[in-house]
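Protein chains in written order, with the working numbering: chain P, 1 to 109; chain X, 1 to 109. By construction, the Cβ of each residue, glycine as well, lies at the ideal position given by its N, Cα and C atoms. Data block below; observations after.
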DNA sequence: TGGCTGCGTCAGTTGACACTAACGTAAGCG
DNA sequence: CGCTTACGTTAGTGTCAACTGACGCAGCCA
């Protein structure tokens with residue numbers, strides 16, 4: 001999760017992810033679409049792979065990459081988890097509001 | 001969007017976001033829950049604010065912060081957009097598969 | 001007004017990261 | 001085998017970001 005979030009925070013990696021989202025592509029093909037060198041793309045692919053956002057398949061000397069949508073789905077689930085937590089905390093604060101209605105001057109916590 | 005994604009890629013900022021998700025909190029209170037200094041938290045808050053993930057409200061010498069869920073909602077929408085694109089591209093590749101069925105040796109693009 | 005509180009801002013440092021150039025490696029071909 | 005192709009990996013560099021300590025500033029109270 002942490003890794004996935006960090007991975008998609010990088011614009012170049014998001015583009016790569018889009019490229020291989022539903023089309024399997026060899027590393028060279030991917031690198032060819034960017035203005036940077038192949039090693040750079042190779043490292044991005046490694047980051048994406050270790051983040052569980054792409055899968056690698058070998059075919060001779062080539063390495064085919066393809067997106068792994070489930071990886072992104074985890075990130076999505078994490079985001080939605082924020083809203084779930086919000087409901088729990090809303091209940092807490094609602095209960096506290098009922099108990100004491102002093103409007104909180106300077107006492108912290 | 002870019003900023004929001006980068007902002008939540010940082011663990012500390014995700015924690016801050018959770019803290020103020022539905023409870024408005026002064027900067028000092030937030031800083032007190034972490035092992036880092038106040039300036040560090042202050043900078044994180046600035047990043048979050050500029051990313052549209054929190055709002056700032058002043059009350060005397062204090063600065064109250066609160067999460068802005070719509071900011072995260074945009075990120076969520078972006079992620080879901082990936083799946084939408086996937087449908088479009090699927091149609092493309094399906095049409096190409098119908099037209100010519102040569103299985104693509106080495107000619108790129 | 002002097003002094004305190006609550007925060008932000010400013011240098012300056014350290015560490016992470018995106019990148020390049022050079023090298024290493026596995027697969028296929030003559 | 002030697003050569004080429006298609007990669008990944010390594011070492012090194014520049015840049016950005018997270019952090020600390022020192023300072024500055026607005027709001028409040030005596």
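- Item | CB contact check: residue 63 of chain X to chain P, cutoff 7 Å | For residue 63 of chain X, the closest Cβ of chain P is not nearer than 7 Å.
- Sub-7 Å separation of residue 64 of chain P and residue 24 of chain P beta-carbons: yes
- Please confirm if residue 76 of chain X has its CB atom under 7 Å from at least one CB of chain P. For residue 76 of chain X, the answer is yes, since a Cβ of chain P falls inside 7 Å of its Cβ.
- Step through the CB atoms of chain X and report whether any lies within less than 7 Å of the CB of residue 9 of chain P. yes
- Message: Starting from residue 20 of chain P, trace the alpha helix (DSSP H) in both directions and tell me its first and last residue.
- Response: From DSSP, residue 20 of chain P is part of no alpha helix (DSSP H); its letter is neither H nor E.
- Own chain partners of residue 27 of chain P with C-beta closer than 6 Å, once the 5 adjacent residues on each side are dropped: 63
- Just checking, does the stretch 28-45 of chain P make contact with the stretch 35-46 of chain X on the three C-beta pairs under 8 Å criterion? no
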